[in-house]
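Scroll down for the structure; my scribbles are underneath it.
2 protein chains.
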Amino acid sequence: EIPRPTLERLPLYYRSLSLWREQGIITVSSVDIGRDVGVNVVQVRKDLAYFGEFGRPGVGYNVEYLMDELGKLMGFTTETKAVLIGAGRLGTAVVSYGGFKRYSVKIAAMFDTDKEKIGTEVSDVPILDMAYLPQFLGENEIELGIITVPSLAAQEVADILTANDIKAIWNFAPVSLQVPEEIKVRNEDLAVGLATLCYFLNKEKKD
Amino acid sequence: EIPRPTLERLPLYYRSLSLWREQGIITVSSVDIGRDVGVNVVQVRKDLAYFGEFGRPGVGYNVEYLMDELGKLMGFTTETKAVLIGAGRLGTAVVSYGGFKRYSVKIAAMFDTDKEKIGTEVSDVPILDMAYLPQFLGENEIELGIITVPSLAAQEVADILTANDIKAIWNFAPVSLQVPEEIKVRNEDLAVGLATLCYFLNKEKKD
Ligand SMILES: NC(=O)c1ccc[n+]([C@@H]2O[C@H](COP(=O)([O-])OP(=O)(O)OC[C@H]3O[C@@H](n4cnc5c(N)ncnc54)[C@H](O)[C@@H]3O)[C@@H](O)[C@H]2O)c1
Ligand SMILES: NC(=O)c1ccc[n+]([C@@H]2O[C@H](COP(=O)([O-])OP(=O)(O)OC[C@H]3O[C@@H](n4cnc5c(N)ncnc54)[C@H](O)[C@@H]3O)[C@@H](O)[C@H]2O)c1
């Protein structure tokens with residue numbers, strides 16, 4: 003079983019590797035990885051050792067090989083089909099962010115209740131009428147629902163998703179969702195990243 | 003010294019406590035906290051034990067008291083002044099998200115190069131001309147810069163911030179910024195949260 007903190011770091015290593023591959027870099031060291039991601043080099047080696055012997059002492063890691071291994075392990079090489087509900091500021095920023103393609107997540111469609119948005123597109127993703135969501139989920143094998151609606155609408159949206167066989171929910175609305183046990187929910191809160199930064203800022207002031 | 007994983011969880015506890023305080027709840031147990039945040043109850047007790055004896059066995063934690071203690075410790079009770087550069091989809095979503103007030107972060111102004119946006123406001127925060135940024139930083143004691151511009155512009159923005167005594171940068175652009183050692187940088191990548199969710203989705207398929 004892989005510890006949770008290690009799991010949270012692997013996508014960061016994968017991102018660094020994919021940027022290096024684009025630049026044509028063949029091998030990197032654990033020091034390179036640690037510096038790029040901001041993680042202690044001993045921790046990098048410990049994390050990667052969970053999956054077998056990738057690096058050779060003094061030679062480093064082969065970028066292509068390590069990326070393939072991590073990709074297979076984390077499921078980044080198989081496509082995950084998603085829908086996004088709430089095509090507002092945050093929703094459209096999420097859809098137009100290219101960073102998700104690296105993990106093979108495909109946002110098939112967005113859904114909204116705003117008549118002015120329905121029928122338009124953002125980054126080639128259509129915005130469809132919320133009334134059509136149950137049928138769309140039934141016709142396509144959608145595994146993931148991304149919720150970027152206002153808090154008051156979030157639970158009602160989650161209910162529609164869970165009633166139509168969604169497997170996982172990525173929730174940005176600042177509410178705790180009530181969903182069946184077997185549905186995986188990840189609550190994203192940007193404020194947490196900011197709060198951690200505040201801690202280091204204030205620690206410095208006190209020291 | 004508080005371990006990093008503990009530090010990342012404290013803002014989540016703080017958020018739960020602030021939502022309970024708003025609902026008028028006086029005491030909560032470590033089980034309540036663990037369930038709301040999605041963390042194992044033993045871990046909750048271990049995390050809180052770093053800061054002293056808050057809870058009484060069988061009685062639980064006083065919401066108000068625990069919140070004050072955590073707030074002082076993490077620096078959430080002192081105001082952090084920030085500016086945001088790049089008033090696009092993501093930038094305006096960040097500014098209008100109420101979650102930051104809980105941590106006493108005040109976004110004093112946004113900056114952009116787009117003439118159509120300069121002179122307008124989002125959630126009472128003015129959008130100012132990028133040319134004015136150095137002067138604005140000199141006249142106000144701004145500690146934090148939030149970068150939500152396209153990747154190509156990110157380094158140039160970071161250079162202006164560091165040249166004008168910024169202390170910390172919260173970076174959303176998917177590039178590694180070169181900044182002086184003493185500046186704290188947090189790179190935020192929403193794709194990492196998504197990637198972790200994909201891991202659990204795919205693990206389920208394999209099992
Ligand atoms: N967790 C975070 O870090 C974070 C950061 C920013 C915003 N947010 C949250 O994300 C959400 C969206 O924020 P935003 O700034 O994009 O808001 P927004 O108002 O720009 O967008 C909300 C969209 O949801 C649509 N909508 C409303 N009710 C709906 C329903 N029942 N079904 C389908 N669509 C519906 C609206 O028409 C609109 O397009 C809010 O809940 C906000 O609190 C969270
Ligand atoms: N890290 C993540 O998880 C994540 C998620 C979504 C978007 N992003 C990134 O955030 C950034 C913004 O995305 P978006 O969807 O909001 O884009 P956007 O095009 O909607 O907004 C960018 C804004 O920056 C302004 N701008 C451009 N150059 C500037 C400069 N030199 N100085 C000041 N302002 C400038 C533009 O006028 C525009 O208002 C991009 O780099 C994107 O890759 C990151």
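In the order they appear, the protein sequences are chains A and B. All residue numbers for the first sequence refer to the numbering used here, where the first residue is 3 and numbers rise by one. All residue numbers for the second sequence refer to the numbering used here, where the first residue is 3 and numbers rise by one. The beta-carbon is built from N, C-alpha and C at its ideal position, and this holds for glycine as well. None of the values given here were measured: they were computed from a predicted structure.
query: A/W172: contacting residues in chain B (beta-carbon distance under 8 Å); result: G195, L196 and L199
query: Same chain, Cβ closer than 8 Å to A/L146, five either side skipped, listed in chain order; result: T82, K83, A84, V85, V107, I168, K169, A170, I171 and W172
query: Reduced DSSP secondary structure (H/G/I, E/B, other) of B/P128; result: strand
query: Nonlocal neighbours in the same chain, by C-beta distance under 8 Å from A/P182, ignoring five residues either side; result: T164
query: The segment 190-198 of chain B contacting the segment 90-104 of chain A, beta-carbon criterion three pairs below 8 Å; result: yes
query: Assigned exposure category for B/P7 - 16 Cβ within 10 Å defines buried; result: exposed
query: Helix, strand or coil at A/D34 [DSSP, three-state]; result: helix
query: Alpha-carbon spacing of B/L154 relative to B/D161, whole angstroms; result: 13 Å
query: Contact test: B/R91 Cβ vs ligand 2 heavy atom, cutoff 6 Å; result: yes
query: Where A/I149 falls: helix, strand or coil (DSSP); result: strand
query: Within chain A, partners of B/R17 - CB distance below 9 Å; result: P176, D191, A193, V194 and A197
query: B/A51 versus B/Q45 - alpha carbon distance; result: 10 Å
query: 7 Å Cβ cutoff, B/M69 in contact with chain A; result: no
query: B/P152: contacting residues in chain A (beta-carbon distance under 9 Å); result: Under the 9 Å cutoff, chain A gives no residues; its nearest Cβ is about 11 Å from B/P152.
query: For A/Y63 and A/G57, the rounded distance between their alpha carbons; result: 5 Å
query: Test: A/K186 CB closer than 7 Å to a CB of chain B; result: yes
query: 8 Å contact criterion, which A/A89 and A/I144 should meet: CB distance rounded; result: The pair is not a contact, with the Cβ atoms about 16 Å apart (cut-off 8 Å).
query: Rounded Cβ spacing between B/N166 and B/L139 (contact assumed at less than 8 Å); result: 4 Å
query: Classification of A/P59 by the beta-carbon crowding that lies within 10 angstroms, buried from 16 upward; result: exposed
query: The segment 31-50 of chain B touching the segment 32-40 of chain A, judged by at least three CB pairs closer than 8 Å; result: no
query: Under 8 Å by beta carbon: chain B residues contacting A/Y134; result: Result: empty, since nearest Cβ-Cβ is about 24 Å, beyond 8 Å.
query: CB of B/L19 within 7 Å of CB of B/M69, strictly; result: yes
query: Completely contained alpha helix (DSSP H) runs for the segment 83-114 of chain A, where each covers 4 or more residues; result: 91-97
query: According to DSSP, residues forming a beta bridge with A/W172; result: A/I148 and A/R188
query: Beta-carbon proximity check, B/A175 vs B/A197, cutoff 7 Å; result: no
query: Closer than 6 Å: A/F174 CB and nearest ligand 1 heavy atom; result: yes
query: Span separating the alpha-carbon of A/E10 from that of A/P152; result: 27 Å
query: Within chain A, the residues that B/D38 reaches when beta carbons sit closer than 8 Å; result: S178
query: Local Cβ density within 10 Å of B/V61, reported as buried at 16 or more and exposed below that; result: exposed
query: Residue nearest to B/I87 in terms of C-alpha spacing, selected from B/R47, B/P128, B/T79 and B/K48; result: B/P128
query: Cα-Cα separation, B/A95 to A/T79; result: 31 Å
query: Closest residue to A/E123 among A/E206, A/V97 and A/T115 (Cα-Cα distance); result: A/V97
query: Below-7 Å beta-carbon distance, A/E10 vs any chain B residue; result: yes
query: Short Cβ contact (7 Å threshold) for B/E204 with A/G54; result: Reading off the sequence, residue 204 of chain B comes out as Asn, not Glu. Their beta carbons are not under 7 Å apart, which means B/N204 does not touch A/G54 by this criterion.
query: Where the alpha helix (DSSP H) containing A/F78 begins and where it ends; result: That residue, A/F78, is in no alpha helix (DSSP H); it is neither H nor E in DSSP.
query: Chain-ordered neighbours of B/R91 on chain A, where CB pairs are closer than 8 Å; result: R91, L92, T94, A95 and S98
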